[in-house]
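Heads up, the thing below is written out as structure tokens.
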Ligand SMILES: Cc1ncc(COP(=O)(O)O)c(C=O)c1O
């Protein structure tokens, strides 16, 4: 299946420069009553009416190619017909049961078990956001180890609730709210473009891995024996960073040696996003716990979960509760979403389209003075902007300008990275070759044009 019929035809189509008059009306209404903390409409000023596949339409009739994908939620595409049919069928029957079982919940657990490694045979469904899955994972390792320090990684993003926020490295996210959880430590990720150990590919001896080992092994490192290590197998918000292939096995080996549970956060990278069902599957490791959300709910129905090894299943009833312990519509839609992924080999499609996009965008790495690196895996891609390639000084204002102009031209992208200087691509995985190529072309033309006046 080429997925052509899933998206609106002839995208992008800009009828009035966004934000058009109808969008402005909604944006004004929003700013009147809603919080100053609202953020996405500042970068993509518009109001949305509907969406299909890898395209969205605003209320002024502008149709965009969606390389944003609801921040990595829409893996099976907006308004995926299989997911909608399953959700509609559930809607009239039963919508909320806390954690009392029901046929739709049983079906979802079965479906999820089919795609998870056999070792991760226990699941806990919590509140409706990824952050809650991270909270659950942290509680689970603390409960089991009776320890409380945690190690996370530079560039990691894990959510906005206090515990999850503690595990984010970015000061822009947490700086105003400190102190948060005590004894959270950060180790360098294998972010090879900006290696803190100043290594190049030819000289790299995986110093980041050795440093992690040192932090744990040396009782004078200042880091107590951690309750858990939390890592993204491919970093998302950190800037679409694919670590050296030795990195995750090294982290696993360290966890094994020092008996530390390994939590892999698959909230953004999971569900075929990077060309495998889960990003940790690019290596042979199996985590002790994975956190899941975003695409778990099919087309944005809110749900999160952790899956973990049975030996960690020690928490008594009530240790991680909440009113919303799995949403029944999300179970129905999510299970249909996973079936869609498998039936249509969405992981393979993401790999094919992602590889093509990497080749296409790679032209920028060769001929654009402000593009430091083009990288990614599957359809989690990033283009890192720098003021010049030698100093690698980050160019966040340029990244923002590119994002804004792409929006005006009908392509939605997001900005992330350590310095907010990385254009991030997270399209619905049902994006066609044609849409991917067109969107990338518009992005590249925009970069080249803005570079002339930078
Ligand atoms: C890797 C990762 N973990 C956790 C989260 C938090 O999820 P949520 O925003 O649903 O709380 C995100 C959100 O972007 C994420 O990318």
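In my numbering, the protein residues as written are 17 to 470.
Note that CB positions come from ideal geometry on N, CA and C, so glycine has one too.
Keep in mind the model is a prediction, meaning the values are calculated, not measured.
{"Query": "Residue(s) in a DSSP beta bridge with residue 71", "Result": "68, 81"}
{"Query": "C-beta atoms of residue 384 and residue 142 nearer than 8 Å", "Result": "no"}
{"Query": "Residue 147 CB to nearest heavy atom of ligand 1 below 7 Å", "Result": "yes"}
{"Query": "3 or more residues per run - each beta strand (DSSP E) lying fully within the region 298 to 346", "Result": "305 to 308, 321 to 324"}
{"Query": "Inside the region 205 to 239 only - alpha helix (DSSP H) runs reaching at least 4 residues", "Result": "223 to 233"}
{"Query": "Residue span of the alpha helix (DSSP H) that contains residue 121, given as start and end", "Result": "119 to 131"}
{"Query": "Residue 238 versus residue 127: straight-line alpha-carbon distance, rounded", "Result": "43 Å"}
{"Query": "Exposed unless 16 or more other CB atoms sit within 10 angstroms - verdict on residue 70", "Result": "buried"}
{"Query": "Nearest to residue 465 (by Cα), restricted to the options 438, 182, 418", "Result": "418"}
{"Query": "Distance between residue 242 and residue 12 (C-alpha atoms, nearest Å)", "Result": "Look at the range of the chain in this structure, 17 to 470, and you will see that residue 12 is not part of it."}
{"Query": "Distance between residue 166 and residue 201 (C-alpha atoms, nearest Å)", "Result": "6 Å"}
{"Query": "Identity of the residue in 252, 233, 287, 449 nearest residue 269 by Cα", "Result": "233"}
{"Query": "C-alpha distance - residue 313 paired with residue 350, whole-angstrom precision", "Result": "4 Å"}
{"Query": "Nearest-angstrom Cα separation, counted from residue 360 out to residue 293", "Result": "13 Å"}
{"Query": "Own chain, CB closer than 6 Å to residue 170, minus 5 neighbours either side, in chain order", "Result": "185, 202, 204, 205"}
{"Query": "Helix, strand or coil at residue 408 according to DSSP, with G and I counted as helix", "Result": "coil"}
{"Query": "Boundaries of the alpha helix (DSSP H) in which residue 201 is found, first to last residue", "Result": "From DSSP, residue 201 is part of no alpha helix (DSSP H) but of the beta strand (DSSP E) over 200 to 203."}
{"Query": "Backbone secondary structure at residue 349 - three-state DSSP", "Result": "helix"}
{"Query": "Residue 175: CB within 7 Å of a non-hydrogen atom of ligand 1", "Result": "yes"}
{"Query": "C-alpha distance - residue 157 paired with residue 380, whole-angstrom precision", "Result": "43 Å"}
{"Query": "Where the alpha helix (DSSP H) through residue 403 begins and ends", "Result": "Element bounds for residue 403: n/a, residue is neither H nor E."}
{"Query": "Presumed contact (8 Å Cβ cut-off) between residue 471 and residue 285, rounded CB distance", "Result": "Given that the chain is displayed from residue 17 to residue 470, the structure contains no residue 471 and the question cannot be resolved."}
{"Query": "Cβ-heavy atom distance, residue 179 to ligand 1, below 7 Å", "Result": "no"}
{"Query": "Counterpart residues of residue 166 in DSSP-defined beta bridges", "Result": "200, 244"}
{"Query": "Cβ contact check for the region 266 to 282 and the region 146 to 157: 3 or more pairs under 8 Å", "Result": "yes"}
{"Query": "Local conformation of residue 415 per DSSP, three classes", "Result": "helix"}
{"Query": "Option nearest residue 258 by Cα separation, candidates 399, 193, 190", "Result": "399"}
{"Query": "Among 415, 216, 39, the one whose alpha carbon lies nearest that of residue 459", "Result": "415"}
{"Query": "Coarse secondary structure for residue 139, derived from DSSP in three states", "Result": "strand"}
{"Query": "beta-carbon residue 309 near ligand 1 non-hydrogen atom, thresh 7 Å", "Result": "yes"}
{"Query": "Endpoints, beta strand (DSSP E) assigned at residue 281", "Result": "278 to 281"}
{"Query": "Within 8 Å, strictly: CB atoms of residue 89 and residue 310", "Result": "yes"}
{"Query": "Exposure label - residue 147; buried when at least 16 CB within 10 Å", "Result": "buried"}
{"Query": "Closer than 7 Å: residue 399 CB and nearest ligand 1 heavy atom", "Result": "no"}
{"Query": "8 Å contact criterion, which residue 27 and residue 79 should meet: CB distance rounded", "Result": "5 Å"}
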